[in-house]
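Undergrad: First residue of the sequence shown: 1, per the working numbering; consecutive thereafter.
For every residue, glycine included, the Cβ atom is placed at its ideal position computed from N, Cα and C.
Predicted model only: the values in this text are computed from it and were never measured.
Have a look at this one.
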Amino acid sequence: MLSKTLGQMLLPANLLIGVGLFGAILLATRWASLGRKLMVAAVVLLAICGFSPLGKLLLYPLESRFPPWDAARGAPDGIVILGGSIDADLSAAHGTAIVRSAADRIIAAAALAHQYPNARVIFAGGNSNLISNDAREADFAAAIFESLGTSKARLIMERRSRNTQENAEFSKALVAPKSGERWLLVTSAYHMPRAVGLFRKAGFDVEAYPVDWRVGERSDLLMFSTIALDGLGRTDVAIREWMGLVAYWATGKIDRLLPGPTSG
């Protein structure tokens with residue numbers, strides 16, 4: 001509830017627009033001077049979030065936390081793909097799967113399933129919207145994977161989870177991983193630290209397979225954005241992820257603020 005209300009309100013784009021609107025309202029009151037200052041501050045900060053390298057600088061430590069997966073270690077026993085790519089409500093409205101973001105999660109997972117035909121495949125994704133119909137990401141993901149060549153018999157669809165913590169807990173319950181099995185976790189690179197931390201806490205040992213990078217090499221970090229929406233989008237994603245890490249760590253849902261390749 002809090003993540004879908006207060007968490008959304010605290011994202012830079014929403015927060016700064018709200019500050020600017022509040023400042024505009026104050027112009028009609030005896031606090032007009034404060035209103036002008038709030039409006040100017042909101043515009044300046046929106047410009048910083050949109051054009052400056054701020055979003056890249058915040059995302060880089062998240063995306064670089066886990067290295068690319070090493071295929072030389074051998075074939076995995078299973079593949080876990082986290083939802084977040086499919087808009088369940090929009091898909092239900094149009095009667096077909098609609099992928100709006102992080103499509104790399106599905107593409108990379110389908111390629112892995114083809115490369116490792118004996119690996120079990122589980123897609124974990126329900127509906128994270130606070131108010132929604134009965135549509136679930138997993139209901140539409142199956143058709144996508146089948147169209148990309150993954151047999152329906154190999155697919156395990158987890159459709160109840162609403163967040164990453166439930167992804168981990170419900171996935172473990174469905175596949176019952178055995179000691180010594182190797183499971184890949186496919187999700188966006190910036191989301192991998194939080195996801196791995198939650199899977200470890202749930203007792204599901206996974207190996208990171210990061211995809212969907214939003215930042216390039218270290219040399220790109222100080223480059224400014226030419227399109228404000230791109231920079232603002234990166235800043236929002238980074239702030240949301242850092243807020244999630246802090247919240248989960250503070251409440252004991254993950255053992256480290258920034259989980260890494262080793263659990264120690």
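Can you tell me whether residue 207 is helix, strand or coil according to DSSP?
TA: Strand at residue 207.
Undergrad: Please report the distance separating the alpha-carbon of residue 101 from that of residue 26.
TA: Residue 101 and residue 26 have their C-alpha atoms roughly 37 angstroms apart.
Undergrad: Going by beta carbon distance, what residues of the same chain come within less than 8 angstroms of residue 198, once the five residues before and after it are set aside?
TA: 164, 165, 167, 168, 248, 253 and 254
Undergrad: Within a Cβ cutoff of 6 angstroms, which residues of the same chain sit near residue 75, ignoring the five residues on either side of it in sequence?
TA: Here the set comprises 116.
Undergrad: Express the C-alpha separation of residue 147 and residue 94 in angstroms, rounding to a whole number.
TA: 18 angstroms
Undergrad: If we require 4 or more residues per run, which alpha helix (DSSP H) segments fall completely within the stretch 12-64?
TA: 12-26, 32-51 and 54-63
Undergrad: Where do the N-terminal and C-terminal ends of the alpha helix (DSSP H) with residue 223 fall, by residue?
TA: Here residue 223 belongs to no alpha helix (DSSP H), and DSSP marks it neither H nor E.
Undergrad: Terminal residues of the continuous alpha helix (DSSP H) containing residue 169?
TA: Its alpha helix (DSSP H) spans residues 164-175.
Undergrad: Would you list the residues sitting across from residue 124 in a DSSP beta bridge?
TA: 82 and 158
Undergrad: For residue 150 and residue 160, I'd like the C-alpha separation in whole angstroms.
TA: 22 angstroms
Undergrad: May I ask you to report which of helix, strand or coil DSSP gives residue 187?
TA: strand
Undergrad: Less than 8 angstroms between the C-beta atoms of residue 122 and residue 186, yes or no?
TA: no
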